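Here's what the structure looks like:
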């Protein structure tokens, strides 16, 4: 089964006996799945790679001719089986890759053009959750992976110049040396949404890279952490003495946060490399994850294996007629529906009770960016999200830390939107909070209002007092046990009267 980049230039031919010599099969991947009709000479994996996709073009032309296969009109390698390619290049994928879901093209009003090309016979599922990226999207993805991102060190540590494609390559190779298998690598979150639709209004800051890895126990989690920190040494500038730099030193210098979740349903870890402008590189290693998205517009994942392999093997640059087939997937379920939500700025989700506490903050962020709910049942969704937020962040101190962290990480360069965001959050919490006592609810609303006033003060903006409620807090010294609200004032006379005595009565006239 083949998915061709140029399906309009494919024709069927009669079955012929195979040519003498070792078989030419392009696209053989390790494991149980095999790409139909594609692999390397003699069944050997090309360049020792184990990605799921194998590209075929000028790099394999000589190998094909060496074993006597008949070329196409452009001198490229001919496909085995029933199909023969006449384009400048073709790409095949394994059968078990296609088994997870059919592929459906998008176009017309949604994408303004061809979104992955015409659909083959096996792509007629109305609920397909995958799709092939078009050339414009491939170019945006290539720009993101090839961009040099500075990782700023704390103190006197130098800045690391890091390319996402290169850090993925190094980390993956080191994990393989440690016998930790990586099934595939994906681009996730707002960066993936930006690749699919540039004008979505979401933008992107963090670069989320998912390594689908085998994390069976604590040893694997520790190995992943050690490998990532060790890889940072390779990106230090020349002249830096690396011998005395320990993993703990690298962690303190370049890692913004580290998270590990290990329970019955979720097994994953996150290492975020800090960037002063907010464009953190987040490396997420996932064995299992029950909930992979919050809303349909952030449910997209782009599989990077074919593009990473192209970087390593191809001697020619990508063109519109010669580039790897790259698959986008929506873990929301229906790719077509999720892409429609992204293009039309619609807020939708599934099983809102599963969204963790941070979903409320993301929901209000979407509202500020011009997204609107998909249906009138959004009030129910808001109640779910408010309840979950107060379950995960029950203490007022935790709520303050979470809100301040969210504002700092998601509004870099967008300080003018912070006030609108906090007022939107205030409105949602005020309308949809049903799980708190009255004083707890007022306490949270007061916190949001104080943060909004602080934002205005930082921006030196005078608010419209008709729309702002001011809350006064007592001075810190009031908490002192020796402090008393009452005191006795010692009144000093303004002037003194001299007493004069008279021996006799004075006349009244």
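Numbering (my numbering), first residue to last: -3 to 505. C-beta atoms are modelled at their ideal positions from N, C-alpha and C, and glycine is treated no differently. Note that the coordinates shown come from a computational prediction; the quantities given were computed from them, not determined experimentally.
Just to confirm, are residue i and residue j a CB contact at a threshold of 8 Å?
i           : j           : result
residue 281 : residue 265 : yes
residue 275 : residue 201 : yes
residue 378 : residue 424 : yes
residue 267 : residue 285 : no
residue 297 : residue 188 : yes
residue 343 : residue 367 : yes
residue 414 : residue 457 : no
residue 125 : residue 336 : no
residue 506 : residue 364 : With the chain represented from -3 up to 505, any question about residue 506 goes unanswered, as that position is not in the structure.
residue 146 : residue 259 : no
residue 144 : residue 132 : no
residue 192 : residue 338 : yes
residue 303 : residue 322 : yes
residue 411 : residue 455 : yes
residue 277 : residue 160 : yes
residue 420 : residue 360 : yes
residue 422 : residue 403 : no
residue 232 : residue 240 : no
residue 136 : residue 194 : yes
residue 230 : residue 164 : no
residue 506 : residue 211 : In the structure as shown, the chain begins at -3 and stops at 505. Residue 506 is therefore absent and cannot be evaluated.
residue 174 : residue 219 : yes
residue 203 : residue 190 : no
Just confirm the distance between the C-beta atoms of residue i and residue j, as a whole number of angstroms; I'd bet it's less than 8 Å.
i           : j           : result
residue 507 : residue 325 : This structure does not reach residue 507, given that the chain is present from -3 up to 505, and the question cannot be answered.
residue 409 : residue 387 : That belief does not hold up - the Cβ atoms of residue 409 and residue 387 are roughly 32 Å apart, past 8 Å.
residue 269 : residue 251 : 6 Å
residue 345 : residue 292 : 6 Å
residue 429 : residue 438 : Contact flag wrong, Cβ pair sits at about 10 Å.
residue 398 : residue 389 : 5 Å
residue 392 : residue 443 : 6 Å
From the DSSP secondary-structure annotation, give me the bridge partner or partners of residue i.
i           : result
residue 209 : 178
residue 268 : 253, 278
residue 128 : 323
residue 204 : 184, 278
residue 243 : Residue 243 pairs with nothing; no bridge assigned.
residue 284 : 263
residue 368 : 342
residue 227 : Answer by DSSP bridge pairing: none, since residue 227 is not bridged.
residue 258 : 263
Task: Cβ contact check for the region 176 to 187 and the region 373 to 393: 3 or more pairs under 8 Å - done: no
TODO: May I ask you to verify whether the region 223 to 239 touches the region 167 to 175, counting CB pairs closer than 8 Å and requiring at least 3?
DONE: yes
Open item on the list: Could you check whether the region 348 to 363 touches the region 297 to 312, counting it as contact only if at least three pairs of C-beta atoms, one from each stretch, sit closer than 8 Å?
Closed with: no
Task: Segments of 3+ residues assigned as beta strand (DSSP E) that fall wholly inside the region 131 to 160 - done: 145 to 147, 156 to 158
TODO: Please go through the region 387 to 420 and give each complete alpha helix (DSSP H) segment of 4 or more residues, from N-terminal end onward.
DONE: 392 to 406
Open item on the list: Check whether the region 206 to 220 and the region 232 to 247 are in contact - that is, three or more C-beta pairs closer than 8 Å.
Closed with: no
- [ ] Give, in chain order, every unbroken run of the beta strand (DSSP E) that is at least 3 residues long and sits entirely within the region 291 to 317.
- [x] 296 to 299
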